[in-house]
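Contents: one structure, followed by commentary.
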Amino acid sequence: MKKRTLIVSTVVLSSTMFVTGALAASNGFSIFINGSKLSTEAKIINGTTYVPLRAISESLGAQVSVNNSQKNIYIFKSKSEYF
2 MKKRTLIVST VVLSSTMFVT GALAASNGFS IFINGSKLST EAKIINGTTY
52 VPLRAISESL GAQVSVNNSQ KNIYIFKSKS EYF
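First residue of the sequence shown? That's 2 in my numbering, and the numbers climb one at a time after it.
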């Protein structure tokens, strides 16, 4: 009985360590804007880079507005601030 408990415990512990390691290895890429690191990450899935639109827009000085009923996202930046 002790041997079985030891085997089950070892399998559970090993599985937990494997999943934790796999999740840690799949962390996203860091995003830097004008040399400053954002507190959010980018992810690459099937060769496409996904970034959080609000974080990127706001870090560039733009305002973000969402209209849920129309399913639209608006990004505003004054013309004098364009790059």
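C-beta atoms are modelled at their ideal positions from N, C-alpha and C, and glycine is treated no differently. All figures in this text were calculated on a predicted structure; none of them were measured in a lab.
- With respect to Val-67, Glu-59 sits apart: the two C-beta atoms are not nearer than 8 Å.
- Proximity to Pro-53 across Ser-31, Asn-69, Gln-71 peaks at Ser-31, based on C-alpha coordinates.
- Contact between Phe-77 and Ala-63 holds: CB atoms are separated by about 6 Å, below the 8 Å threshold.
- Ser-79 carries a coil assignment under DSSP once its states are collapsed to helix, strand and coil.
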